[in-house]
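Peer 1: Sequential numbering of the sequence shown, starting at 18, is according to the working numbering.
Ideal Cβ positions, reconstructed from N, Cα and C, are used throughout, including at glycine.
After the structure tokens below, expect a handful of questions from me.
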Amino acid sequence: MVQEIQLRTNLIEEKKAGTLLYKAARKLGVDSKEISGIKVLRKSIDARKKETFFNYKVAVFINEPIPEKSSTVFDYKEVSNAKEIHIVGFGPSGMYAALRCIELGYKPIILERGKNVQERRRDIKAINQDHIVNENSNYCYGEGGAGTYSDGKLYTRSKKRGDVDRILQLLVYFGAHENILVEAHPHIGTNKLPQIIEKIREFIIEKGGEVHFESKLTDLKVDLNKIKSFEINHANWIESDTLILATGHSARDIFYLLQKHKIRIEAKPFAIGVRVEHQQELIDTIQYHGDGENPYLPPASYSLVEQVDGLGVYSFCMCPGGIIAPCATSQQEVVTNGWSPSKRNNPYANSGIVVSVDMADVRTKNNLQDPLALLRFQQQVEQLAFKAGGGNLQAPAQRLVDFCENRSSINLPSCSYVPGIVSVNLKEVLPSFIHERLQLGFKQIAQKMRTYYTNDAVLVATESRTSSPVRIPRDAEKLHHPQVSTLFPCGEGAGYAGGIVSAAMDGERVAVVILQQWGIKTTLPS
């Protein structure tokens, strides 16, 4: 017999061997000798009150053996000579679409504008050390997508869109640690994710798929509402009757290309703000009520949501033990994001604190019908930050209390942003409605987390790539573009995902729907 139950331990109990066995036997009213084993299904930390607890969901095996391996089985085909399907973009949505195609017996041909993970590493080093941006290979573009070198967070709220466990099981299949199947907020880490991505690519090629790097989509030919062919690198035309477009939230040229061909796109609300960085020790003290040095507690994170005049101010991509990264995709802009290594053992904690932005905030007489209005606004703020920082990818920054009190910072604390920070009154960088909402948001946060509100914390501008400011519309069931029946927008760049897991689920979904239309009998993962 197997029983699934919830258990709870405090920090003292967590240190003791056999705690879960004792608690499970007591809760189920059985002798502990009858329990063959306990499998942890989910683990989370509850630090909402003064005493910190661990919450467990476990499967208790009573008088029967505990299975040694996961029951998930992946059956991949050899597809060298199978029917082809073209995928543009090798982030999580393109990658998982390709894996699903192979599983169902079709050959994916993937075209990625950036480089493979190893070569991409050198371009990222050039951004950090030499302040040179390769516009096709950087933190946002390249094998694995934006998440590869900016953290690898796997938490998602989009659990109704697909099988989250299947997505995580696949990562384990390719080398991720099994703890991502258990943790409430799973995370791989920027130091480990590239090797997993590389294994996935090698596997796709081994099974007969193709992956082509430095292959940028530059044009399309559409006839009778169908893709006929597409151009790579302004030179090579490829005939194709189906195209999965999985190009990520920063591929602005794709939106301009679609607009050029009068293929409908839409402005989509997104968010913009700053990266705030504290000492991790302070966040641990706040979140764990002074018990932050306990070795059983990981570096603490936080999630904040405030309402300012009925609009959201919230944390985004919080990175415990993390580093602020320069994520510009053009030489003349400053964009920040955050990442953490697997151990999350850097001395800083950083998070985006951002403000919701929609067309009502940027609407003018000239852009009422412009689907790229929010994209242009995003770009203008990033370029203004570049100028305010003095060029060379240095980021404008301000101490937290100084920012809220409208005074310039005489000096700045140490910061993990490698290109460097420059003291700037961020009122000169951020549009007034964003600046004012952030000020009020931080003051509201201070009422709940008083020591969070400190001038030892630094704000670094701008956090602007929270999601795509453009949506590429698609049919709700058939998932193709309403004007082009063989074009399938997919993932975060098309506006249908927000992070690695949700993008991966969307990639699987699109692949399955296409193959169903081709006549294969299969269903989406439940």
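(1) Do THR259 and ILE102 have their beta-carbon atoms positioned less than 8 Å apart in this structure?
(2) Look up ARG25 in the DSSP assignment and say whether it is helix, strand or coil.
(3) Taking all protein chains shown into account, do 16 or more other C-beta atoms lie within 10 angstroms of the C-beta of GLN395, making it buried, or fewer, making it exposed?
(4) Can you give the Cα-Cα distance for TYR578 and LEU389, rounded to whole angstroms?
(5) What's the C-alpha gap between SER246 and SER332?
(6) For the candidate residues GLU231, LEU28, LYS32, whose alpha-carbon lies nearest to that of VAL105?
(7) Buried or exposed for LYS124, please, with buried defined as at least 16 other CB atoms from any protein chain shown within 10 angstroms of its CB.
(8) With a cut-off of 8 Å on the beta carbons, I'd call ASN472 and ARG526 a contact; round off their distance for me.
(9) Which of the three DSSP states, helix, strand or coil, is assigned to GLU223?
(10) My parser needs the beta strand (DSSP E) runs of 3 or more residues fully inside the segment 491-527; what are they?
(11) Under three-state DSSP, which class holds HIS547?
(12) Report yes if the CB atom of ASP4 is closer than 8 Å to the CB atom of PRO286, and no otherwise.
(13) ILE303: buried (16+ other C-beta within 10 angstroms of its C-beta) or exposed?
(14) Given a cut-off of 8 Å on the beta-carbon distance, is the pair THR264 and LEU210 in contact?
(15) Do you know how far the Cα of LYS170 is from the Cα of SER543?
(16) Measure the C-alpha to C-alpha separation of PRO316 and SER110 and round it to an integer number of angstroms.
(17) Secondary structure at PHE394, three-state DSSP: helix, strand or coil?
(18) How about LEU198 and LEU185: are their beta carbons less than 8 Å apart?
(19) Using the three-state DSSP reduction, which class does LEU234 fall into: helix, strand or coil?
(20) Considering GLU136, what are the terminal residues of the beta strand (DSSP E) in which it resides?
(21) Taking the alpha-carbon of PRO436 as reference, which of ILE222, ILE340, VAL529 has the nearest alpha-carbon?
(22) In the DSSP output, which residue or residues are listed as bridge partners for GLY416?
(23) So what's ASN196 in DSSP terms, helix, strand or just coil?
(24) By the 10 Å Cβ neighbour count, where 16 or more other Cβ atoms means buried, how is ALA493 classified, buried or exposed?
(25) Can you tell me whether GLU294 is buried or exposed? The criterion is at least 16 other CB atoms within 10 Å of its CB, across all chains shown.
(26) Closer than 7 Å to a non-hydrogen atom of the ligand FMN - does that hold for the CB of GLU480?
(27) LEU37 to TYR313, Cα distance in whole Å?
(28) So, helix, strand or coil for MET18, using DSSP?
(29) Please state whether DSSP places THR165 in a helix, a strand or coil.
(30) Go ahead and label PHE91 buried or exposed: buried means 16 or more other beta carbons lie within 10 angstroms of its beta carbon, across all protein chains shown.
(31) Once DSSP output is grouped into helix, strand and coil, what is the label at CYS118?
(32) Classify GLY290 as helix, strand or coil using the three-state DSSP reduction.
(33) Any idea if SER49 is buried or exposed, counting beta-carbon neighbours within 10 angstroms, 16 or more meaning buried?
(34) Beta-carbon separation of VAL77 and SER347 under 8 Å?
(35) When DSSP labels each residue in this structure, what does TYR123 get in the three-state scheme?
(36) For THR26, tell me which candidate among GLY108, PHE70, ILE489, ALA414 has the shortest Cα-Cα distance.
Peer 2: Straight from the coordinates:
(1) yes
(2) Residue state, collapsed to three classes: strand.
(3) buried
(4) It is not possible to answer for residue 578, since the shown part of the chain is limited to 18 through 543.
(5) Approximately 42 Å between the Cα atoms of the pair.
(6) GLU231
(7) buried
(8) Their Cβ separation, rounded to whole angstroms, is 47 Å, which puts ASN472 and ARG526 out of contact at 8 Å.
(9) In the structure shown, GLU223 sits in a helix (DSSP, three-state: H, G or I).
(10) 504-506
(11) Here the chain comprises residues numbered 18 to 543, so residue 547 is not present and cannot be evaluated.
(12) Coverage of the chain is limited to positions 18 through 543, which leaves residue 4 absent and any answer about it impossible.
(13) buried
(14) no
(15) Any reading at SER543 must be qualified, since the residue scores a pLDDT of 47, below 50, and its modelled position is unreliable; no value is offered.
(16) Distance between the alpha carbons of PRO316 and SER110 is about 30 Å.
(17) helix
(18) yes
(19) strand
(20) Unbroken run through GLU136 is the alpha helix (DSSP H), 134-142; no beta strand (DSSP E).
(21) ILE340
(22) It is Arg, not Gly, that sits at residue 416 in the sequence shown. According to DSSP, ARG416 bridges with VAL475.
(23) helix
(24) Around the C-beta of ALA493, fewer than 16 other C-beta atoms lie within 10 Å, and the residue is accordingly described as exposed.
(25) buried
(26) For the ligand FMN, the structure offers nothing, since it holds no ligand at all.
(27) 15 Å
(28) coil
(29) coil
(30) exposed
(31) helix
(32) DSSP places GLY290 in the strand class (E or B) of the three-state scheme.
(33) exposed
(34) no
(35) coil
(36) Of the candidates GLY108, PHE70, ILE489, ALA414, the one whose C-alpha sits nearest the C-alpha of THR26 is PHE70.
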